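Undergrad: These protein sequences, in sequence, are chains G and H. The first sequence begins at 378 in the working numbering and counts up by one. The second sequence begins at 163 in the working numbering and counts up by one. Could you have a look at this structure, given as structure tokens, before my questions?
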Amino acid sequence: MTLKEKIKTLGNLYGVSGDEFAVAQKAAELLAPYVDKVDIDKFGNVTGYKSCGKEGAKKLLLDAHIDEIGFLVTGITEEGFLHFMGIGVDQRMLPGSTLNVMTKKHGNLLGVVGAVPPHLQAPGENTKSLPIEKLYVDLGMPCEKVKEMVSVGDYMTFTSRAFDLLGDQICGKSFDDRACFCCILHALELLKDKELNVDLIITGTTKEEIGGHGASYRAYCERPDLAVAIDVCHARTDDNLPSDRVQELGGGPVITIGTNSLPRMAKMLMEAARGKEIPFQLSSAPAHTGTNAWSMQIIEEGCATLVVSLPLKYMHSPVEVIKMSDVENTGRLLACLAMDIDRRWQL
Amino acid sequence: MINTITEILKTLCEKDGVAGYEDEVRNTISELAAPYAESMVTDALGNLIVLKKGGNRREKPLVVSAHMDEVGFLVSKITENGMIKFLTVGSIDPRVMIGRKMKVGYKKLPGVISLKAIHLTTPAERKVAPGASSLYIDIGASSKAEAERYVRIGDPCYFDSPFEEFGDMRIKSKAIDDRVGCAVMLALMQKDLPYDTYFVFATNEEIGGSRGAMTAAIRLKPGRFLTIEGTTACDVPEVPLHAQSTTQGLGCVVSIMDKGSVYSRDLLRHFTALADKEGIKWQYRRSANGSTDARGFHSAGSGCKGMGIATPTRYIHCACNVVYKPDIEAVYKMAELFVKEGF
């Protein structure tokens, strides 16, 4: 499977925060060839271990999350339509789309998010977005049947399947953050047969979109000396304002610098990247980075953290866009980090 | 029969054609109609006019019509950054465009319409629905020159939304309005009919004015006409029955009047009574909004009496039209009654 195929495969799977097991299975399968051992814990976190075989080696943890944003069924109307809520989704993405309803006993069902036809709207109505409470999912079934198959609390996801755009870009759902898991896979590919001075711990963690709980748990278990959160960041789109904090798609991985991505470490990483001529971009973060580095940093006595980001357009939409050169360069940067760590890093 | 219609509908929904660009749809329909056609003509506006021979001649032609075009988009500009600006062909609520996958230009390049990430917006901004003029299609091009290798101003664009069966005998696709009418006509054509019948696959319906139907009507000078449409079903939560216009599961929609036509009361009474006798489910269209190709046939030349029937279609004019198969079957049966009548 090519790197691109791996991203598409993981992106197309369904795994909303709290039920990532299907994604974890596949992620573990993709990770297995590169590591000594893979585990899936009770949270659904995937962990792979690659030992350097040296006594007293420090532990470098590379993390990406495997959950995705989604929706919860909150009610069933007497006509058999579903009320729902979303977390972290722009309500403007939804009218006229399809959602995948994940039932407990009846598998996945296709639902259509209804929209009022133009013929029945008052003038000017279409300049206001429809709040999610006013939207509903149509399963095309009578109420009794819906009630038999769907429960309040069932998850729903976007249905989009990944596809290619021009310029070696790909589009799909859940590239946040499964594309970054694939960046780590690429790094491991580059590190094959290379001698390392650190033990690598690779995690594909759960529940990031609701607070980084999976990563806290793994960091607690693994006690890494340095934990790197690899997550997506906003790439520039045509509707950005000059004040929007965005990076360039195709500009390479983004190294964050700030209290959650330790300045000393970030500088070491930049230096290493320059040495290997890996293109990168910079982002400063005065506090929370919005990544798993935030939760991993304060595990027990604390650990050093770095944030490396993959530029992505239209985050949290069914049509997230990334560029393969960024994925490759992010993988190269992570491999370079794993190779570069020595005494200077003072882990 | 419903399986035949569903299969034809799938084939037709997988083709693309906005007003003026119906070639692909017309070519497919021509192929499907050819074995049953006495003659086929494509006129200057692109209408496909098919004569199906029956057992007997009629004094004046009977015309059954559905439109081939769908709502969609035309490329209006390519920005310096390689983004595709567009105009809509037919009426589309801009709110159903955001987050959708698109087919762009003759090469049907994949593209998307989206918005910058939610994290970069304020709650107040998210309450505003951007107009079509501020949206764009992203095909992944990074410059105008790169985009222009694949796409030109004037190229058509479409929702990329596959035909899927789901739920309880439901179908979801783009362009069901009005490929469903075309599919019913093609199925009807496969039958032995008692009289000669003209089938008009019309162009240019979605832009208003029934210009395709009008010119076909002048050519054929029909004695009676029947239009077969996909029409709005607003049978969704919080909309009372009287405001739903049409309701899925209640069968073939029969129109009384709309903004383009007044349908013949005689025909309407006659055929609904016949439908009752045959056990064909039907319902009135409980709205007088909108307009269909009936306008063209109704008012062209010295005018003509006719009837308008339709399949109730939820979420019309967006990527996911939804229809209920038993309703399509009822439309087929009503159309069959009509063409069997010895006008």
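Think of the CB as a built atom: it goes at the ideal place given N, C-alpha and C, for glycine as much as any other residue. Because the structure is a prediction, the values reported are computed rather than measured.
Quick one: Cα of residue 508 of chain H to Cα of residue 429 of chain H, how far?
TA: Past the boundaries of the shown model lies residue 508 of chain H; chain H is included only from 163 to 505, so the question cannot be answered.
Undergrad: With 8 Å as the threshold, decide whether the Cβ of residue 282 of chain H is near any Cβ in chain G.
TA: In the second sequence, counting from the first residue as 1, residue 282 of chain H sits at position 120. True, the Cβ-Cβ gap to chain G drops below 8 Å.
Undergrad: Using the rule of at least 16 other Cβ atoms within 10 Å of the residue's Cβ for burial, across every protein chain shown, is residue 360 of chain H buried or exposed?
TA: For the purposes of this step, residue 360 of chain H is taken as residue 198 along the second sequence, with counting starting at 1. It counts as buried.
Undergrad: Return the residues of the region 473 to 496 of chain H that lie within a Cβ-Cβ distance of less than 8 Å from chain G, sorted by chain order.
TA: The region 473 to 496 of chain H vs chain G, Cβ under 8 Å: 476, 477, 478, 479, 480, 481, 482, 484, 486.
Undergrad: Along the chain, where does the beta strand (DSSP E) that runs through residue 519 of chain G open and close?
TA: Counting from 1 along the first sequence, the entry for residue 519 of chain G is found at position 142. Element bounds for residue 519 of chain G: n/a, residue is neither H nor E.
Undergrad: For residue 546 of chain G, list the residues DSSP reports as bridge partners.
TA: Looking up residue 546 of chain G in the first sequence gives position 169. Residue 546 of chain G pairs with G:700.
Undergrad: Taking residue 566 of chain G as the reference, which of G:393, G:395, G:706 has the closest Cα?
TA: Residue 566 of chain G sits at position 189 when you count from the first residue of the first sequence. It is G:706.
Undergrad: Report buried or exposed for residue 460 of chain H, applying the criterion of at least 16 other Cβ atoms within 10 angstroms of its Cβ.
TA: Here residue 460 of chain H corresponds to residue number 298 of the second sequence, with the count starting at 1. Residue 460 of chain H is buried by the Cβ-count criterion.
Undergrad: Judging by CA-CA distance, which residue of H:329, H:486, H:320, H:298 is the nearest neighbour of residue 521 of chain G?
TA: To locate residue 521 of chain G, count along the first sequence from 1; it is residue 144. Minimum Cα distance to residue 521 of chain G is reached at H:329.
Undergrad: Quick one: is the Cβ of residue 230 of chain H within less than 7 Å of any heavy atom of the ligand SAH?
TA: The ligand SAH is absent from the structure shown, which contains no ligands of any kind.
Undergrad: So is residue 548 of chain G in contact with chain H if we call contact Cβ pairs under 8 Å?
TA: Locating residue 548 of chain G in the first sequence gives position 171, counting from the first residue. Judged by the 8 Å Cβ criterion, residue 548 of chain G is in contact with chain H.
Undergrad: Can you give the Cα-Cα distance for residue 395 of chain H and residue 410 of chain H, rounded to whole angstroms?
TA: The residue labelled residue 395 of chain H in the question sits at position 233 within the second sequence. The residue labelled residue 410 of chain H in the question sits at position 248 within the second sequence. Those two C-alpha atoms are separated by around 7 Å.
Undergrad: Listing by chain order, which chain H residues have their CB less than 8 Å from the CB of residue 554 of chain G?
TA: Taking the first residue of the first sequence as position 1, residue 554 of chain G is located at position 177. Result: empty, since nearest Cβ-Cβ is about 14 Å, beyond 8 Å.
Undergrad: Compile a chain-ordered list of the residues in the region 437 to 460 of chain G whose CB is closer than 7 Å to at least one CB of chain H.
TA: Per Cβ criterion, the list reads 454, 456, 458.
Undergrad: Which of helix, strand or coil does DSSP assign to residue 618 of chain G?
TA: Indexing the first sequence from 1 puts residue 618 of chain G at position 241. Coil at residue 618 of chain G, not helix or strand.
Undergrad: If you measure from the beta carbon of residue 594 of chain G to each beta carbon in chain H, is any gap under 8 Å?
TA: Position 217 of the first sequence, counted from the first residue, corresponds to residue 594 of chain G. No, residue 594 of chain G does not count as interfacial toward chain H.
Undergrad: Can you tell me whether residue 318 of chain H is helix, strand or coil according to DSSP?
TA: Numbered from its first residue, the second sequence carries residue 318 of chain H at position 156. DSSP places residue 318 of chain H in strand when its eight states are reduced to three.
Undergrad: Measure how close the beta-carbons of residue 393 of chain G and residue 453 of chain G come, nearest whole angstrom, since I'm counting them as under 8 Å.
TA: Position 16 of the first sequence, counting from 1, holds the residue named residue 393 of chain G. Position 76 of the first sequence, counting from 1, holds the residue named residue 453 of chain G. No, residue 393 of chain G and residue 453 of chain G are not in contact; Cβ-Cβ is about 19 Å, not under 8 Å.
Undergrad: Quick check: the Cα distance between residue 180 of chain H and residue 599 of chain G, rounded to an integer number of angstroms?
TA: Here the question's residue 180 of chain H lines up with position 18 in the second sequence. Here the question's residue 599 of chain G lines up with position 222 in the first sequence. Between residue 180 of chain H and residue 599 of chain G, the C-alpha separation is close to 58 Å.
Undergrad: Inspect the CB distances between the region 708 to 721 of chain G and the region 640 to 659 of chain G and report whether three or more fall short of 8 Å.
TA: They touch, by the three-pair rule.
Undergrad: Pull up the CB-CB distance for residue 276 of chain H and residue 694 of chain G, whole angstroms please, since I reckon it's below 8 Å.
TA: As a first step, residue 276 of chain H must be located in the second sequence, where it is residue number 114. As a first step, residue 694 of chain G must be located in the first sequence, where it is residue number 317. Right, their Cβ atoms sit about 5 Å apart.
Undergrad: List the residues of chain H whose Cβ lies closer than 8 Å to the Cβ of residue 644 of chain G, in chain order.
TA: The count along the first sequence starts at 1 and reaches residue 644 of chain G at position 267. Ordered by position in chain H, no residue passes the 8 Å Cβ test against residue 644 of chain G, which lies about 27 Å from the chain.
Undergrad: For residue 444 of chain H, list the residues DSSP reports as bridge partners.
TA: On the second sequence, residue 444 of chain H is found 282 positions in, with the first residue counted as 1. Answer by DSSP bridge pairing, in chain order: H:414.
Undergrad: In the region 245 to 277 of chain H, which residues sit with their C-beta less than 9 Å from some C-beta in chain G, listed in chain order?
TA: Those residues of the region 245 to 277 of chain H that come within reach of chain G (Cβ to Cβ, closer than 9 Å) are 245, 253, 254, 255, 256, 257, 258, 259, 260, 261, 262, 263, 271, 272, 273, 274, 275, 276, 277.
Undergrad: If we count the other Cβ atoms within 10 Å of its Cβ and call it buried at 16 or more, is residue 335 of chain H buried or exposed?
TA: Taking the second sequence and counting its residues from 1, the one referred to as residue 335 of chain H is at position 173. Flag for residue 335 of chain H reads buried.
Undergrad: Could you check which residue in G:689, G:582, G:624 has the C-alpha nearest to that of residue 604 of chain G?
TA: If you number the first sequence from 1, residue 604 of chain G lands on position 227. The shortest Cα separation from residue 604 of chain G among G:689, G:582, G:624 belongs to G:582.
Undergrad: Relative to the alpha-carbon of residue 480 of chain H, which residue among G:490, G:615, G:587 has its alpha-carbon at the smallest distance?
TA: As a position in the second sequence, residue 480 of chain H is number 318, starting the count at 1. Measuring from the Cα of residue 480 of chain H, the nearest candidate turns out to be G:490.
Undergrad: Leaving out five residues before and five after residue 470 of chain G in sequence, what residues of the same chain have Cβ atoms less than 6 Å from its Cβ?
TA: Walking along the first sequence from the start, residue 470 of chain G turns up at place 93. Closer than 6 Å at Cβ, skipping near neighbours: 694.
Undergrad: How many angstroms separate the CA atom of residue 186 of chain H from the CA atom of residue 178 of chain H?
TA: Here residue 186 of chain H corresponds to residue number 24 of the second sequence, with the count starting at 1. Here residue 178 of chain H corresponds to residue number 16 of the second sequence, with the count starting at 1. Spanning the two alpha carbons is a distance of roughly 7 Å.
Undergrad: Give the DSSP bridge partners of residue 427 of chain H, in chain order.
TA: As a first step, residue 427 of chain H is located in the second sequence; it is residue number 265 there, counting from the start. In DSSP, residue 427 of chain H forms no bridge with anything.
Undergrad: Note down the Cα distance separating residue 412 of chain G from residue 449 of chain G, rounded to an integer number of angstroms.
TA: Counting from one through the first sequence, the residue named residue 412 of chain G turns up at place 35. Counting from one through the first sequence, the residue named residue 449 of chain G turns up at place 72. Spanning the two alpha carbons is a distance of roughly 36 Å.
Undergrad: Quick check: what's the CA-CA separation for residue 610 of chain G versus residue 663 of chain G?
TA: One-based indexing of the first sequence puts residue 610 of chain G at position 233. One-based indexing of the first sequence puts residue 663 of chain G at position 286. Rounded to the nearest angstrom, the two C-alpha atoms are 15 Å apart.
Undergrad: Contact between the region 483 to 500 of chain H and the region 447 to 461 of chain H: three or more CB pairs below 8 Å?
TA: No: fewer than three Cβ pairs fall under 8 Å.
Undergrad: Just the chain G side, please: which residues come within less than 9 Å of residue 175 of chain H by C-beta, in chain order?
TA: By 1-based counting over the second sequence, the position of residue 175 of chain H is 13. Ordered by position in chain G, no residue passes the 9 Å Cβ test against residue 175 of chain H, which lies about 15 Å from the chain.
Undergrad: One question on the structure: do residue 480 of chain G and residue 391 of chain G come within less than 8 Å of each other, judged by their Cβ atoms?
TA: Within the first sequence, the letter at position 103 stands for residue 480 of chain G. Within the first sequence, the letter at position 14 stands for residue 391 of chain G. No, the pair does not count as a contact, with Cβ atoms beyond the cut-off.
Undergrad: If I'm right that residue 532 of chain G touches residue 396 of chain G with Cβ under 8 Å, what's the distance once you round it to whole angstroms?
TA: Indexing the first sequence from 1 puts residue 532 of chain G at position 155. Indexing the first sequence from 1 puts residue 396 of chain G at position 19. Their Cβ separation, rounded to whole angstroms, is 6 Å, which keeps residue 532 of chain G and residue 396 of chain G in contact under 8 Å.
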